[in-house]
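Input: a single structure, listed below in structure tokens.
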Amino acid sequence: MNAQSRLAIHKGLRKHSLALATGLSIAFGASMAQAATWDVTVTNLTHGNHFTPLLLTAHDSSTHLFQVGMPAPLPIEHMAECGHLDPLLATAEVGAADADTIADPAGGVLAPGASTSAMLTTSATHLSVVAMVLPTNDGFLGLEAQEIPTTAGTYTYYINAYDAGTEANDEVLMTSGACSYTDSGMMPGAPGGDAGSNGTGVSSADTNTNIHVHRGVLGDQDPTGGNSDLDSTIHRWQNPVAKITVTVTP
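Note that our numbering has the sequence shown beginning at 45, numbered continuously upward.
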């Protein structure tokens, strides 16, 4: 083999090694760049409504806890009607609480005007947040598969309340027993202790059985009767019901 051939082989090997090293460096850098800390704060913007224990979960773009305009999955029905998180934590999409998933960061219900924060350490790209709005029949706040920027900074999202479409909005409080999604109606409670009683019921059916933007509650001003057990001066709202801020630290 002459000198010119050996030089050509050497140059070819050198280019191949450089390309391989560059490719590995880019791949390694990309995987490292995906890892980030998200400091998530949820604020209750309502005048007189509470949120049941929140669920915050980071995931990929293909995961959806719910989709507006589609029927509510059973775990969402549990959450929207009774505030139960265990069925969601048992799904493959969410899984048990870990670095990517925080359950009940407030340690109970989140009162009107209050905030709670949690930290997610994740290589995921999207964030979902859900909780039941009390007192309602099947209303819930929902941030659904929101893509979170990778650039360092603080990002703010205003969140609507949705109706799961799984229960009539009768606005009548339960008087006894544990809440179950199999109940034919009735709200599980008013944590503020500011609801009435003996309401005859506002609605006997929900004509839209898909998840949709919640129309809010009607309420009335009769604490011992009327159609609704809710107070129209306390429990009514107009969207949004929550503010979520995410501070990203790569």
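Positions of the beta carbon are idealized from the N, C-alpha and C atoms, including for glycine.
Just how far apart, CA to CA, sit residue i and residue j?
| i | j | result |
| --- | --- | --- |
| valine 153 | serine 241 | 22 Å |
| leucine 187 | valine 290 | 12 Å |
| threonine 277 | proline 235 | 16 Å |
| threonine 198 | threonine 268 | 46 Å |
| glycine 209 | threonine 166 | 32 Å |
| aspartate 182 | isoleucine 146 | 22 Å |
| serine 75 | proline 193 | With a pLDDT of 43 at serine 75, under the threshold of 50, the modelled position of that residue is not reliable, and no figure is offered here. |
| leucine 217 | alanine 79 | 45 Å |
| leucine 100 | leucine 89 | 18 Å |
| phenylalanine 184 | histidine 108 | 15 Å |
| proline 97 | threonine 180 | 15 Å |
| methionine 176 | serine 161 | 17 Å |
| valine 261 | isoleucine 288 | 23 Å |
| alanine 205 | valine 173 | 12 Å |
| arginine 280 | glycine 229 | 19 Å |
| histidine 122 | valine 285 | 20 Å |
| threonine 226 | proline 294 | 44 Å |
Does residue i come out as helix, strand or coil in the three-state DSSP assignment?
| i | result |
| --- | --- |
| alanine 265 | According to the sequence as given, residue 265 is glutamine; it is not alanine. In the structure shown, glutamine 265 sits in coil (DSSP, three-state: anything other than H, G, I, E or B). |
| histidine 256 | strand |
| leucine 129 | coil |
Tell me, which residues are paired with residue i by DSSP?
| i | result |
| --- | --- |
| glutamate 191 | His170 |
| isoleucine 203 | Ala286 |
| asparagine 88 | Ala286 |
| leucine 154 | Phe95 |
| glycine 183 | Asp207 |
| aspartate 83 | Met163 and Thr291 |
| methionine 176 | Phe184 |
| alanine 145 | According to the sequence shown, residue 145 is threonine rather than alanine. Its beta-bridge partners are Thr101 and Asp142. |
| aspartate 275 | Asp264 |
Measure how close the beta-carbons of residue i and residue j come, nearest whole angstrom, since I'm counting them as under 8 Å.
| i | j | result |
| --- | --- | --- |
| histidine 170 | serine 105 | 6 Å |
| alanine 196 | valine 292 | 6 Å |
| serine 272 | glutamate 211 | Going by Cβ atoms, the distance from serine 272 to glutamate 211 rounds to 15 Å, so no, they are not a contact pair. |
| asparagine 254 | glycine 113 | 5 Å |
| leucine 178 | histidine 256 | With 8 Å as the limit, leucine 178 and histidine 256 do not qualify as a contact, their Cβ atoms being about 19 Å apart. |
| aspartate 275 | aspartate 238 | 6 Å |
Measuring only from the beta carbon, is residue i closer than 8 Å to any heavy atom that is part of the ligand MN?
| i | result |
| --- | --- |
| leucine 129 | Absent from the structure shown: the ligand MN. Ligands present: none. |
_Extract the residue ranges of the beta strand (DSSP E) inside the segment 92-123, only unbroken runs of 3 or more that lie entirely within it._
99-103
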